[in-house]
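Numbering (numbering that gives the first Met the number 0), first residue to last: 0 to 464.
The beta carbon of each residue, even a glycine, is placed where N, CA and C say it ideally should be.
Reading through the structure tokens given below for one structure.
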Amino acid sequence: MVKLFKKGILLFTNDLRAFDNKVLDQAIKSCESLLVLSIVDEQQFVLNSFDVRRMGHIRRRFYYQTLQDLQIELAGVHLNLNVLIGNPIQLLSKIIPEYDIEALFISRAIDPSARELLRGLERTIQLAQNAEMRGTLAHLKIFECMNYSLFDQSQFDFELKDLPDNVYDFIQYVEAIAVKPPFYNHFKSVPTNAFLGPEYEQYRLRLDFEPAKEISLFSSSDRQLHHSFIGGSTFGLQQLQFYLQEKFQERQFFGARILGFDSSDLLMTPWLANGSISLRTLWYALLEYEDSHGQSGLITRLLQSLLRYEHCQWIALKYGAGLYELKRDTDAHTRTFYAERFVAWRNGCTPYPLVNACMNQLNETGFLTNIAKRVLASCLVDQFQVSWKYGAAYFQMQFVDYDPGTTWGGWLELARVLPTYKRSSVDFDSIARLHDPDGSYIRRWRGEETVMPVDNHDMVGWPLG
């Protein structure tokens with residue numbers, strides 16, 4: 000088979016898997032020699048304008064575990080994954096001409112900050128072309144495709160700008176569209192590996208992580224005493240099989256503990272978020288389970304959750320960087336920031352035991368159910384009158400299952416930013432009575448221990464009283 004390019008780069012971003020990966024397949028079929036890269040952006044670990052980092056330590060560990068698992072997986076088909084840490088645009092702008100790279104293969108990014116990487120590289124290419132520079136940078140071909148969603152944009156009969164903001168309108172529309180089955184990558188003719196020289200050793204990220212301290216998902220009362228968020232496709236698929244074989248049989252997948260771990264609609268989200276498992280893989284696994292065991296309300300509810308998840312991805316694509324700028328024009332506090340209130344909220348030191356418990360769980364595990372997210376969002380926006388953007392930025396840092404669509408896009412719903420969302424503020428006492436009647440959740444996460452009043456200072460820092 001004749002290859003189109005002598006040398007290419009396959010750049011892994013949020014598609015950290017070898018199965019159902021169209022970009023990987025395209026790169027393998029197109030290149031004689033392939034440099035397989037993943038570049039960790041060092042700016043993710045620097046404090047930003049919201050006084051938080053884009054990636055906290057829990058997600059960072061999960062991310063590194065995923066990269067290590069992908070390295071092992073690709074090594075099994077004779078591909079070498081180089082993991083670097085630094086400025087992605089600067090590193091690519093250096094590597095491409097030095098190694099005579101002719102083509103770059105990359106998944107279409109959902110995250111606006113990740114999409115800036117490609118735009119920055121395109122600007123660098125344009126400058127090289129304007130300067131009539133010789134070499135491959137000025138003539139680089141970029142191949143980008145959607146690799147993260149259930150549907151392709153070509154399956155929609157509307158433009159992206161006309162995508163429904165209302166999730167229910169979106170679901171009603173896509174229910175008539177067939178989800179394509181997962182793509183099986185074939186590794187019959189793998190390109191030769193291109194290797195980076197010793198000058199890049201200073202950027203190389205060593206992945207020798209041992210998963211010693213793991214996050215237990217289930218309480219000691221469960222028969223399954225040990226199960227953890229561990230990054231990578233290997234562990235994500237194990238998690239999926241666990242649900243299909245164990246939790247569904249126990250009928251506990253949607254248990255009463257809506258504020259704990261057992262009750263989450265989609266405990267696969269950590270692996271979905273960084274692309275170590277595709278949405279289509281999960282979708283078809285659920286359909287196969289239904290074919291084998293008969294129709295189930297549980298399966299229907301999970302499929303609906305996946306469609307909601309899908310909608311968030313398309314909302315992120317629709318608004319791009321504007322996703323971070325949307326506001327409730329009718330609210331006076333959309334731009335406000337009370338430092339003391341925000342610190343109390345993020346530390347779980349509010350007057351509300353349920354809020355404190357939810358925040359303590361988030362800070363220790365990196366995970367929350369949807370109801371717990373609503374509790375925290377309502378406290379920050381409705382009770383403390385702090386801009387929703389600070390909450391979204393903090394969730395971005397803390398969530399092990401962060402992705403821009405469900406986190407920033409989710410806050411559009413949680414904070415009722417878009418006019419189609421009509422949810423009222425949350426009554427914490429009612430939530431506690433309904434979902435934590437015996438107080439076990441609040442005790443488990445020490446919600447009463449950190450109850451503290453707020454507003455000891457005014458918004459510019461002067462003591463009150």
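Practice task
Would you kindly report the start and end of the unbroken beta strand (DSSP E) that includes I141?
Solution key: Stepping through the sequence shown from its first residue, residue 141 is reached at position 142. Element bounds for I141: K140 to C144.
Exercise for the section: Determine the contact status of A356 and G446, defining contact as a CB-CB distance below 8 Å. Expected result: On the sequence shown, residue 356 is found 357 positions in, with the first residue counted as 1. On the sequence shown, residue 446 is found 447 positions in, with the first residue counted as 1. Yes; because the gap between Cβ atoms is below 8 Å, this pair is in contact.
Problem - Through-space distance from E200 to G141, alpha-carbon basis - result: By one-based count along the sequence shown, residue 141 stands at place 142. By one-based count along the sequence shown, residue 200 stands at place 201. In the sequence under discussion, the amino acid at residue 141 is Ile, which differs from the Gly named in the question. The alpha-carbon separation between I141 and E200 amounts to approximately 26 Å.
Problem - Pairwise C-alpha distance: L239 and K21 - result: Residue mapping note: residue 21 aligns to position 22 of the sequence shown, counting from 1. Residue mapping note: residue 239 aligns to position 240 of the sequence shown, counting from 1. About 22 Å.
Exercise for the section: Please report how far the alpha carbon of K388 lies from the alpha carbon of L361, in whole angstroms. Expected result: Within the sequence shown, numbered from 1, the residue matching residue 388 stands at position 389. Within the sequence shown, numbered from 1, the residue matching residue 361 stands at position 362. K388 and L361 have their C-alpha atoms spaced approximately 18 Å apart.
Exercise for the section: Just the C-alpha distance for S295 and C30, rounded to the nearest angstrom, thanks. Expected result: Taking the first residue of the sequence shown as position 1, residue 295 is located at position 296. Taking the first residue of the sequence shown as position 1, residue 30 is located at position 31. When rounded, the distance between both Cα atoms is 45 Å.
Problem - Secondary structure of V82, DSSP reduced to three states - result: Within the sequence shown, residue 82 is the residue found at index 83, counting from 1. In the structure shown, V82 sits in a strand (DSSP, three-state: E or B).
Practice task
Within the same chain, show all residues whose beta-carbon is closer than 8 Å to that of L73, passing over the 5 residues directly before and after it, in chain order.
Solution key: As a first step, residue 73 must be located in the sequence shown, where it is residue number 74. For L73, where only same-chain residues beyond five positions count, the Cβ hits under 8 Å are A17, V35, N79 and L80.
Problem - Alpha-carbon to alpha-carbon, L243 and E143 - result: As a working mapping, residue 143 is identified with position 144 in the sequence shown. As a working mapping, residue 243 is identified with position 244 in the sequence shown. Each residue's alpha carbon lies about 34 Å from the other.
Problem - F61 - containing alpha helix (DSSP H), residue span - result: Taking the sequence shown and counting its residues from 1, one reaches residue 61 at position 62. Counting along the chain, the alpha helix (DSSP H) containing F61 begins and ends at H56 to A74.
Handout entry: Per-residue burial, A272 [other beta carbons within 10 Å of its own, 16 or more giving buried]
Key = The residue labelled residue 272 in the question sits at position 273 within the sequence shown. Around the CB of A272, 16 or more other CB atoms lie within 10 Å, so the residue is classed as buried.
Exercise for the section: Over the uninterrupted beta strand (DSSP E) stretch that includes S386, give me the two end residues. Expected result: Position 387 of the sequence shown, counting from 1, holds the residue named residue 386. Unbroken run through S386: none, as it is neither H nor E.
Problem - Contact check, S424 vs S377, beta carbons under 8 Å - result: Residue 424 sits at position 425 when you count from the first residue of the sequence shown. Residue 377 sits at position 378 when you count from the first residue of the sequence shown. Yes, the pair counts as a contact, with Cβ atoms nearer than the cut-off.
Problem - Beta-bridge partners of G192, as assigned by DSSP - result: Working through the sequence shown from its first residue, we reach residue 192 at position 193. Looking at the sequence shown, residue 192 is not Gly but Asn. DSSP lists L33 as partners of N192.
Handout entry: C-beta atoms of Q312 and S148 nearer than 8 Å
Key = For the purposes of this step, residue 312 is taken as the residue at position 313 of the sequence shown. For the purposes of this step, residue 148 is taken as the residue at position 149 of the sequence shown. Yes, the pair counts as a contact, with Cβ atoms nearer than the cut-off.
Practice task
Taking only the alpha-carbon atoms, compute the straight-line gap between A26 and A130 and give it to the nearest angstrom.
Solution key: Start at 1 with the first residue of the sequence shown, and residue 26 comes out as number 27. Start at 1 with the first residue of the sequence shown, and residue 130 comes out as number 131. A direct Cα-to-Cα measurement between A26 and A130 gives close to 29 Å.
Exercise for the section: Give the straight-line distance between the Cα atoms of R256 and D14, rounded to the nearest whole angstrom. Expected result: In the sequence shown, the residue the question calls residue 256 occupies position 257. In the sequence shown, the residue the question calls residue 14 occupies position 15. Caution applies to R256, whose pLDDT of 46 falls short of 50 and renders its modelled position unreliable; the model cannot decide the point.
Handout entry: Straight-line gap, K187 to G404 (C-alpha atoms, nearest Å)
Key = In the sequence shown, the residue the question calls residue 187 occupies position 188. In the sequence shown, the residue the question calls residue 404 occupies position 405. Taken atom to atom, the span from the alpha-carbon of K187 to that of G404 is near 35 Å.
Exercise for the section: Taking all protein chains shown into account, decide if Y288 is buried (16 or more other Cβ within 10 angstroms of its Cβ) or exposed. Expected result: Mapped onto the sequence shown, residue 288 falls at position 289. Classified as buried, Y288 has 16 or more neighbouring CB atoms from the shown chains inside 10 Å of its CB.
Handout entry: For K317 and K160, the rounded distance between their alpha carbons
Key = Taking the sequence shown and counting its residues from 1, the one referred to as residue 160 is at position 161. Taking the sequence shown and counting its residues from 1, the one referred to as residue 317 is at position 318. Approximately 6 Å, taken between the alpha carbons.
Handout entry: Same chain, Cβ closer than 6 Å to R340, five either side skipped, listed in chain order
Key = Numbered from 1 along the sequence shown, position 341 holds the residue referred to as residue 340. The beta carbon of R340 sits closer than 6 Å to those of F383, V385 and V453, all from its chain and outside the five residues before and after it, given in chain order.
Problem - Check whether F228 and P190 have beta carbons under 8 Å apart - result: Locating residue 228 in the sequence shown gives position 229, where the first residue counts as 1. Locating residue 190 in the sequence shown gives position 191, where the first residue counts as 1. Taking 8 Å as the Cβ cut-off, F228 and P190 do not qualify as a contacting pair.
Exercise for the section: Take M397 and list the residues in its own chain whose beta-carbon comes closer than 8 Å to its own, dropping the five residues that flank it on each side. Expected result: Numbered from its first residue, the sequence shown carries residue 397 at position 398. The sequence given here has Gln at residue 397, not Met. Closer than 8 Å at the Cβ level, and outside the excluded window around Q397, lie G55, I57, R58, L361, N362 and G365.
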